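Residue numbering for the sequence shown follows our numbering, starting at 1 and increasing by one per position.
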Amino acid sequence: NRRPSSGRASVTLSAGGRSAIISGEVGEFDFDGIYSIEAELPASHPVFALLISGQPLSYAAPGWRRPKLAASGQKASTERFLAACR
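Printed below as a string of structure tokens:
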């Protein structure tokens, strides 16, 4: 995907029938045509509840979708990450 001209983008993550949206600035540089969203999220952001759920995660952004990513190790890794952020 090309960098949006607005310099901002969002992605929707879904798992277990719930969704969370991450929005933020898009860096000036991409990696092989793929941009990244730069955002700070509070520990209370709904995306962390999705990751801790252990359910397969899907994500979508304008023009693309990636369904049912493996959840192996996702819950424990997210819990360790959140604990380190405190």
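Heads up, the beta-carbon is just placed ideally off N, CA and C, and yes, glycines get one too.
Quick caveat: nothing in here was measured; it's all calculated off a predicted structure.
By how many angstroms is the C-alpha of residue 39 removed from the C-alpha of residue 8? To locate residue 8, count along the sequence shown from 1; it is residue 8. To locate residue 39, count along the sequence shown from 1; it is residue 39. Their Cα atoms are separated by approximately 10 Å.
Along the chain, where does the beta strand (DSSP E) that runs through residue 22 open and close? One-based indexing of the sequence shown puts residue 22 at position 22. 18 to 26 is the span of the beta strand (DSSP E), which, as asked, contains residue 22.
Are residue 58 and residue 46 touching if we call contact CB-CB under 7 Å? Walking along the sequence shown from the start, residue 58 turns up at place 58. Walking along the sequence shown from the start, residue 46 turns up at place 46. Not closer than 7 Å, so no.
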